[in-house]
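Going by our numbering, the first residue of the sequence shown is number 2, and it counts up by one from there. The C-beta atom is built at its ideal place from N, Cα and C for all residues, glycine as well. Everything numeric in this text was worked out from a predicted model, so none of it was measured. Since the structure comes first, as structure tokens, the remarks are kept for the end.
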Amino acid sequence: MTKDEYVKAIEKHMADKAVLSKQDAYYAGYFDGLEKAVDLAEKLDEPKKVVIPQFVADWIEEAKIYSDNEVDPLGIIYWMDDCIGSEPYYEWLKNIDNQKLLLNAIANGYEVEKEKKYRVKIKGISKKEEWLNCKVMGDIRYFELNTESEKYKTYFTKQWLKDHWSEYDAYNNAGLLEFEEVEDE
Numbered sequence: 002m003t004k005d006e007y008v009k010a011i012e013k014h015m016a017d018k019a020v021l022s023k024q025d026a027y028y029a030g031y032f033d034g035l036e037k038a039v040d041l042a043e044k045l046d047e048p049k050k051v052v053i054p055q056f057v058a059d060w061i062e063e064a065k066i067y068s069d070n071e072v073d074p075l076g077i078i079y080w081m082d083d084c085i086g087s088e089p090y091y092e093w094l095k096n097i098d099n100q101k102l103l104l105n106a107i108a109n110g111y112e113v114e115k116e117k118k119y120r121v122k123i124k125g126i127s128k129k130e131e132w133l134n135c136k137v138m139g140d141i142r143y144f145e146l147n148t149e150s151e152k153y154k155t156y157f158t159k160q161w162l163k164d165h166w167s168e169y170d171a172y173n174n175a176g177l178l179e180f181e182e183v184e185d186e
């Protein structure tokens, strides 16, 4: 029996017994259960979107550009090799579970993983409640230690720090950064 046949059978059964539900409270609860069964059955074949890292979403979107048909999974996979960038991404792709995740994302859709955000202290320099802050003025970014303030950017992703703070790798590689995960609004 297919999902549609199952749903139709339950709906027919409900229609045949509809008169009873109005006469007896027992049947009213029974019909509520049948309605819930129909609702759940209709969701059975709906694939769930997977959550993937941003760089994987970028691969998929770039491969769609080269593919003749944006919704052709095999065409997207064919062009994927041209879209995969540097070495760390190959490491991600070597994992069989990640390969399955990628194929699932192409076939059923995906959501992009939210990057974690952190408050950052510099060990040996930061005082008790001083965090790394960034103030942007035009193209210039000023990094300083301060308490949290509305005027400064205080929550960072590690990638943002790497891309915008030239000293990040030096401090991080020396083990001088202390990260505290925060919830971003």
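Pull the bridge partners of residue i from the DSSP assignment, please.
i	result
Ile66	For Ile66, which the question treats as bridged, DSSP gives no partner whatsoever.
Lys9	None, per the DSSP bridge assignment.
Tyr119	Phe157 and Glu182
Ile1	Lying outside 2 to 186, the shown extent of the chain, residue 1 is not represented and no answer is given.
Please go through the same chain and pick out, in chain order, the residues whose beta-carbon is closer than 6 Å to the beta-carbon of residue i, but skip the five residues on each side of it.
i	result
Ala106	Val51 and Ile53
Lys18	none
Gln55	Val113
Leu178	Val121 and Tyr172
Measuring straight from C-alpha to C-alpha, what distance separates residue i and residue j?
i	j	result
Lys9	Leu45	15 Å
Lys117	Leu35	42 Å
Ser68	Gly76	5 Å
Ile97	Tyr91	12 Å
Ser167	Ile78	36 Å
Met81	Gln160	23 Å
Ala29	Lys4	24 Å
Ala64	Ile85	9 Å
Tyr169	Asn134	13 Å
Lys101	Lys163	29 Å
On the three-state DSSP scale, how would you describe residue i?
i	result
Trp132	strand
Glu168	coil
Tyr1	No answer is possible for residue 1: the residues shown for the chain start at 2 and end at 186.
Ile53	strand
Asn174	helix
Ile85	coil
Ile78	helix
Asp40	helix
Lys18	coil
Gly34	helix
Asp73	coil
Leu45	coil
Ile97	helix
Lys124	coil
Of the choices the options, whose alpha-carbon is the least far from that of residue i?
i	options	result
Glu130	Val113, Thr155 and Lys136	Thr155
Met15	Asp59, Lys4 and Val39	Val39
Lys103	Ile61, Ala29, Val121 and Glu6	For the record, residue 103 in the displayed sequence is Leu; it is not Lys. It is Ile61 whose Cα lies nearest to the Cα of Leu103.
Glu43	Ala175, Glu6, Ile66 and Val57	Glu6
Asn99	Ile11, Trp161, Trp166 and Val57	Val57
Trp132	Glu184, Ala29 and Phe157	Phe157
Gly110	Tyr119, Pro48, Leu94 and Lys95	Pro48
Val183	Ile123, Lys115 and Thr3	Lys115
Gly125	Lys163, Ile85, Gly176 and Thr3	Gly176
Leaving out the 5 sequence neighbours to the left and right, which residues in its chain are closer than 7 Å to residue i when beta-carbon positions are compared?
i	result
Ala108	Pro74
Glu181	Tyr119 and Arg120
Ile11	Leu35, Ala38 and Val39
For residue i, is the beta carbon positioned less than 7 Å from some heavy atom of the ligand MG?
i	result
His14	Only the bare structure without any ligand can be found here, which leaves the ligand MG out of the picture.
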